[in-house]
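Numbering (the numbering used here), first residue to last: -1 to 233.
We put the CB at the ideal spot given by N, CA and C, even for glycine.
What follows is a short report on a single structure.
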């Protein structure tokens, strides 16, 4: 995984998100959204030679785009609350049923093994970590005068501290997940991204993660979604 595979993946996915929004506007069922997402994931893997660069974005941002399509088609303002309500109303039951399917991916197996809340369950609940943690943290940091990059760093650590990140659990087991959550909580308790040496502190945590083969990919997906919400929502 490098910059080249990311760019190839982005080009492979460039039509997917507007298509998801269009399905949401049509109030399409979850099966149609899922087929669209599976096809997008196939194109991504073909473009990257089998490397998973954006699977989380295909799932989470796809659902958010569909929710935005549904909200706008009904003439409502695109607010975080409206997005969340549209997601749960339109596809919450189907997402909950998806949780009961046989566990095939590494992330799904980890959720079952450790009793964690996976992506499908998180989405079925209306993405609570996104809307209750990430978006408020990002907005709060920006309102307090942090630069965009620092505000995103603050939001990322808020997410790492609470998310059942299956990528962390897959790499380091439950101890790895808890270690990462604790490191993020300590960073925030010390002042977070408002610290004078916040970048150096974050870099030190990064080096510890690398040494332990820990990658908070799930938290990164939530941060990307929070940036999207911040950009497209009117309130």
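{"Query": "Quick check on residue 163: buried or exposed, where buried means 16 or more other Cβ atoms within 10 Å of its Cβ?", "Result": "buried"}
{"Query": "Pick out whichever of 15, 232, 156, 230 has its Cα sitting closest to the Cα of residue 217.", "Result": "156"}
{"Query": "In terms of alpha-carbon separation, which member of 88, 127, 148, 167 lies closest to residue 161?", "Result": "127"}
{"Query": "Report the option in 115, 193, 19, 154 whose CA atom is closest to the CA atom of residue 69.", "Result": "19"}
{"Query": "Pair every Cβ in the region 200 to 216 with every Cβ in the region 168 to 185, then say whether three or more of these pairs are closer than 8 Å.", "Result": "yes"}
{"Query": "Compare the Cα-Cα distances from residue 231 to each of 73, 21, 79 and report the closest residue.", "Result": "79"}
{"Query": "What are the complete alpha helix (DSSP H) segments, minimum 4 residues, inside the region 26 to 111?", "Result": "28 to 46, 53 to 71, 78 to 96"}
{"Query": "For residue 205, which residues in the same chain have their Cβ closer than 7 Å to its Cβ, ignoring the five residues on either side in sequence?", "Result": "none"}
{"Query": "Taking only the alpha-carbon atoms, compute the straight-line gap between residue 46 and residue 56 and give it to the nearest angstrom.", "Result": "15 Å"}
{"Query": "Using a Cβ-Cβ cutoff of less than 8 Å, which residues in the same chain neighbour residue 97 once the five nearest sequence positions on both sides are dropped?", "Result": "116, 118, 119, 122"}
{"Query": "Between residue 63 and residue 10, is the Cβ-Cβ spacing less than 9 Å?", "Result": "no"}
{"Query": "Consult DSSP for residue 231 and reduce its assignment to one of helix, strand or coil.", "Result": "coil"}
{"Query": "Measuring straight from C-alpha to C-alpha, what distance separates residue 226 and residue 52?", "Result": "15 Å"}
{"Query": "Is it the case that the Cβ atoms of residue 125 and residue 61 are separated by a distance below 9 Å?", "Result": "yes"}
{"Query": "Taking the alpha-carbon of residue 13 as reference, which of 25, 82, 219, 37 has the nearest alpha-carbon?", "Result": "37"}
{"Query": "When the Cα of residue 183 is compared with those of 170, 158, 195, which residue comes out closest?", "Result": "158"}
{"Query": "So, for residue 3: in the same chain, excluding its five sequence neighbours on each side, which residues have a beta-carbon less than 6 Å away from its beta-carbon?", "Result": "46, 49, 51"}
{"Query": "Starting from the Cα of residue 95, find the closest Cα among 29, 0, 24, 111 and give me that residue.", "Result": "29"}
{"Query": "Residue 133 to residue 149, Cα distance in whole Å?", "Result": "11 Å"}
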